[in-house]
Amino acid sequence: MMHIKTELTERHTLSITVANEPGILARIAGMFTARGYNISSLTVADVTEDHAVSRITIVTAGPPGVIEQIIAQLDRLVPVHRVVDLTELGPHVERELALVKVQGTGDHRIEALRLAEVYRARVVDATTSSFVFEVTGGPEKIDKFLELMREVGLVEVARTGVAAIARGKEAV
Amino acid sequence: MIGEPPNPGGLVCKVSGMIVEKSGADILIEALCDLGVEVVFGYPGGAVLPIYDALFQQKRIRHVLVRQEGGAAHAAEGYARSTGKPGVVLVTSGPGATNVVTGLADALMDSIPIVVITGQVATHLIGTDAFQEADTVGITRHCTKHNYLVKDPAKLGDIVHEAFHIATSGRPGPVVIDLPKDVQVATAVYRRPSETTLHKNYKPQVKAETALIEQAVEMLGRAERPILYTGGGVINSGPAASQLLRELARITGAPVTSTLMGLGAFPASSEQWLGMLGMHGTYEANMAMNEADLILNLGARFDDRVTGRLDAFSPRSKRIHVDIDRSSINKTVRADLGLVGDVGRVMEDLIRIWKARSPTQPDLKAWWKKIEGWRDKKSLAFPPSKREIMPQHAIRALWEATRIKKPIITTEVGQHQMWAAQHFDFEQPNKWLTSGGLGTMGYGLPAAIGAQIGNPNALVIDIAGEASILMNIQEMATATQYRLPVKVFILNNEYMGMVRQWQELTYSSRYSESYSEALPDFVALAEAFGWKGLRIENPDALDGGIAEMLAHDGPVMVDCRVAKLANCFPMIPSGAAHTDMILQAEEVSGEMDDEAKALV
Ligand SMILES: Cc1ncc(C[n+]2csc(CCOP(=O)(O)OP(=O)(O)O)c2C)c(N)n1
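Residue numbers (numbering that gives the first Met the number 0), protein chains in the order written: chain A, 0 to 171; chain B, 0 to 599.
Now the structure itself:
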């Protein structure tokens, strides 16, 4: 008998600056699939005035050796400028945005509004029997908010994935 | 301008103002010429007709017409590996491009610099499922070091120059340039770029930090049981690196072993040579790795064929790992000291600092005495036979007969490849061309063709198996067309021998689909292609047959009938430790457990 073994994993947030060129996202995402690495979240947008550089934020998980490999494998791709492991680097801010649709009337509706206020979620659309909330925060906050909304009529979610940046005055 | 001679290259140029514009096809040829390209291996088709027309009208680049695009890729690899220059391939879109994919994956695994130019449908047709359209950049993204889709002829020159730079620098590898047909026809200005203009951040690190080199010298100087474990990186670094390796071995007195890809970097005739290590490596090489207290890895990558079972790999050693690719360090085996840099440059620094410090080394006599003990096992010995040709004996006879000519040897994949690695001794780099990482059957004949094109006066021999040779047999016509005197020496055991051996060891000799049924008459086949064909059937005829092959000034195919059921030993079964080496057939059990069966 043979069983597949698995190892303990750590969550890491990586910031990758790349040349903004066609195929770059496929190159990076494909490298993750090809080598069996995990992607929990991936966000990308160009961030320089001339649109030449994109910043990709990837939240991944793996044993420490795998995280080290992921960084080295990203680093050797020709269009990759720089890979920074924000988790390793120290204090950093992670934010994502979620749009959350909740259906319901009566008590559920009131409770949803009340909870939204606690989480500083804004109402961006409403009908007599639904709300769309906009909520920003770290992934745990959003997870928690969604957990609560499930109890009061959650029907749909759209999440952006994590954008992250190191704290302090230095630019990485 | 009346009286001016016509454009010597015959290139059609358009003049806009004072600046001369050229077609994309002409820009490509101009750039290739500027890069010193002398030969292109290719096969035409609809999507590359403008380039073929431009080739027709010039004399600077020689085109070698292969018989299947896969052959072009391996020929380019053989050319690159034997000359140190990048190999260049030109194929059409769709099936032309998909046929080179195996060669790309092969070159990526073995770090061989090739640049492959693929035709593509016109830009406005991309994405419409046009005739012979394939998503070449998508398909080849993960089997190239980098790839490009060119949409603007004005960028083509820069892309071609950068492609060669990427293919040949850092850890070398294959690069694809996908060139739509309209971009080949449209015109633009070509200017030879002075530096990399596209990916300015691509700067492979070639020199390792001095502090780390000093640390390495210190570790090496203290070691009681050191070993130099060398790989293909030493060959890729250039001939100077092989000389530096000899010097490093001399001053440290350490034994040297090598991976399959690194054979030839260190002379097999040296007292310090232990032979190849790994699955089919020598007893002394594997035992020395197992008992070493310091491994200096020079341009090798702790491949699973080398390490065997990872948790039992060299349990008492410190490891220094030198590699130009940072991702190779700590990928499978943790290094105590990792040095990112070109292995030649690093050895240069190591030698300089070693000489400056001249460390007082421990006496290595006890270490060498141990090694002598392992050597006494004579792990490469094989049972002699008077009736049958033993394949190992055939390789040795081939080596004896050709060694003074310093031949270039290519191989296919299987037992014959391992026997060649074990029994053919190399003294120099760039003489041994084999598909190591991907293990591609069908590599040897086209690689031999590429090597012969790059080394017209060399003796080039493909040591083949009867199954592998059929995978790119069409390339015989290429050798005929260009009068290439390549020799194909088939160790014909009528089996996919390596598969049969694993079935014998792991599946109680249930030989599922591994018999080479319906083989052609190789002598008649040779003659049909205009080659000389020879058959060697018994040990007495071996030397004479080899002499006859060598005497013929043209391509020869030798059908050497060898013992059908010989196994390749020594062998470390997949997933076993170095100390669990099987030396001879008597030690073999018939069935393995599921853990072992799950490993390749
Ligand atoms: C393209 C490809 N397909 C399948 C294999 C798997 N394989 C490895 S060795 C081998 C048998 C090779 O037989 P032969 O060429 O006769 O060489 P021998 O082992 O008998 O020396 C096979 C099928 C491979 N390496 N490459």
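Here a beta-carbon is modelled for each residue, glycine too, at the ideal position from N, C-alpha and C.
Could you check whether the region 224 to 240 of chain B touches the region 176 to 194 of chain B, counting it as contact only if at least three pairs of C-beta atoms, one from each stretch, sit closer than 8 Å?
Contact between the region 224 to 240 of chain B and the region 176 to 194 of chain B is absent, because fewer than three Cβ pairs lie under 8 Å.
Relative to ligand 1, is the shortest distance from any of its heavy atoms to the C-beta of Val412(B) smaller than 7 Å?
Indeed, a heavy atom of ligand 1 lies less than 7 Å from the Cβ.
Quick one: is the Cβ of Met495(B) within less than 7 Å of any heavy atom of ligand 1?
Yes, the beta carbon of Met495(B) sits closer than 7 Å to at least one heavy atom of ligand 1.
What beta strand (DSSP E) runs, 3 residues minimum, are completely inside the region 298 to 325 of chain B?
Fully enclosed beta strand (DSSP E) runs of 3 or longer: 317 to 322.
Does the structure place the region 16 to 32 of chain A close enough to the region 131 to 142 of chain B that three or more beta carbon pairs sit under 8 Å?
Yes, the region 131 to 142 of chain B touches the region 16 to 32 of chain A.
Count the other CB atoms within 10 Å of the CB of Thr209(B); is the residue buried (16 or more) or exposed (fewer)?
Classification of Thr209(B): exposed, given that the 10 Å Cβ count is below 16.
Distance cutoff 8 Å, beta carbons only. Does His50(A) sit that close to anything in chain B?
No, its Cβ sits nowhere closer than 8 Å to a Cβ of chain B.
Tell me which same chain residues have a C-beta within less than 8 Å of the C-beta of Ala565(B), skipping the five on either side of it?
Hits under 8 Å: Phe381, Met389, Pro390, Gln391, Gln414, Asn492, Gly496.
Can you find at least 3 beta carbon pairs, one from the region 324 to 331 of chain B and one from the region 60 to 74 of chain A, that sit closer than 8 Å?
Result yes; three or more Cβ-Cβ pairs closer than 8 Å.
For Val11(B), which residues from the same chain have a beta carbon less than 6 Å from its beta carbon, with the 5 sequence-adjacent residues on both sides left out?
Only weak support exists for where Val11(B) lies, its pLDDT of 47 falling under 50; the value from the coordinates is given anyway. Cβ within range, chain order: n/a, list empty.
Tell me which residue opens and which closes the alpha helix (DSSP H) that Val159(B) is part of.
Where Val159(B) is concerned, the enclosing alpha helix (DSSP H) stretches over 152 to 167.
Rounded to whole angstroms, how far is the Cβ of Ala420(B) from the Cβ of Leu293(B), which I believe are closer than 8 Å?
In fact, because the Cβ distance is near 25 Å, the residues do not count as touching under 8 Å.
Just the chain A side, please: which residues come within less than 9 Å of Asn329(B) by C-beta, in chain order?
Within 9 Å Cβ-Cβ: Gly64, Glu67, Gln68, Ala71.
So, helix, strand or coil for Leu76(A), using DSSP?
Coil.
Relative to the alpha-carbon of Ile111(B), which residue among Gly93(B), Asn429(B), Ala311(B) has its alpha-carbon at the smallest distance?
Checking every option, the nearest Cα to that of Ile111(B) belongs to Asn429(B).
Can you tell me whether His415(B) sits near ligand 1, meaning its C-beta is under 7 Å from at least one heavy atom of the ligand?
Result yes, Cβ under 7 Å from ligand 1.
Using a C-beta to C-beta distance shorter than 9 Å, which residues of chain A count as neighbours of Tyr78(B)?
By Cβ distance, chain A contributes nothing, its closest Cβ being about 24 Å from Tyr78(B), past 9 Å.
Under the three-state reduction of DSSP, which class applies to Pro4(B): helix, strand or coil?
The pLDDT assigned to Pro4(B) is 44, lower than 50, so where the model puts this residue is not dependable; a value taken from the coordinates is nonetheless given after this. The answer is coil: DSSP assigns Pro4(B) none of H, G, I, E or B.
Between Gly70(B), Met556(B), Ile472(B), which lies nearest to Lys486(B) when the distance is taken from Cα to Cα?
The shortest C-alpha separation from Lys486(B) is found at Met556(B).
Any heavy atom of ligand 1 within a distance shorter than 7 Å of the CB on Ser515(B)?
For ligand 1, at least one heavy atom lies less than 7 Å from the Cβ of Ser515(B).
Mapping DSSP to helix, strand and coil, what is Asn146(B)?
Asn146(B): strand per DSSP, three-state reduction.
Quick check on Asn146(B): buried or exposed, where buried means 16 or more other Cβ atoms within 10 Å of its Cβ?
Label assigned to Asn146(B): buried.
Using 8 Å for Cβ pairs, my map puts Val122(A) next to Phe130(A). What's the rounded Cβ distance?
Confirmed, about 6 Å.
Enumerate in chain order the residues of its own chain whose CB-to-CB distance from Pro5(B) is below 7 Å, with the five nearest sequence positions on each side excluded.
The predicted position of Pro5(B) is uncertain, since its pLDDT is 44 and thus under 50; a value taken from the coordinates is nonetheless stated next. So no residue of the chain qualifies.
Between Gln183(B) and the rest of its own chain, which residues show a CB-CB distance below 7 Å, the 5 nearest in sequence each way excluded?
So the list reads Ser22, Gly23, Ala24, Pro49, Ile50, once near-sequence residues are dropped.
According to a CB-to-CB cut-off of less than 7 Å, which residues of the region 84 to 111 of chain B neighbour chain A?
Taking 7 Å as the Cβ-Cβ cut-off against chain A, none of the residues of the region 84 to 111 of chain B qualify.
Report buried or exposed for Leu309(B), applying the criterion of at least 16 other Cβ atoms within 10 angstroms of its Cβ.
Counting Cβ neighbours within 10 Å, Leu309(B) comes out exposed, since fewer than 16 surround it.
Going along chain A in order, which residues have a C-beta closer than 7 Å to the C-beta of Ser326(B)?
By Cβ distance, chain A contributes Gln68, Ala71, Gln72, Arg75.
Excluding the 5 residues preceding and the 5 following Arg300(B) in the sequence, name in chain order all residues of the same chain whose CB lies nearer than 6 Å to its CB.
Ser327, listed in sequence order.
May I ask you to list, following chain order, the residues of the region 0 to 26 of chain A that have a beta carbon less than 8 Å from some beta carbon of chain B?
Flagged, chain order: Met0, Met1, Ala18, Pro21, Gly22, Ala25, Arg26.
Taking all protein chains shown into account, decide if Asn289(B) is buried (16 or more other Cβ within 10 angstroms of its Cβ) or exposed.
Label assigned to Asn289(B): buried.
At a Cβ cut of 7 Å, what residues of the region 186 to 208 of chain B count as close to chain A, listed as they run along the chain?
Here the close residues are His198, Asn200, Tyr201.
In angstroms with no decimal places, state the Cα-to-Cα distance between Met0(B) and Glu20(B).
In this prediction, Met0(B) has a pLDDT of 39, which is less than 50 and means its spatial position is unreliable; nothing more can be read from the coordinates.
Are Asp558(B) and Ile462(B) close, meaning C-beta to C-beta below 8 Å?
No.
State the start and end residues of the unbroken alpha helix (DSSP H) segment that holds Met475(B).
First-last of the alpha helix (DSSP H) with Met475(B): 475 to 480.
Quick check on His160(B) - is its C-beta less than 8 Å from some C-beta in chain A?
So, not an interface residue.
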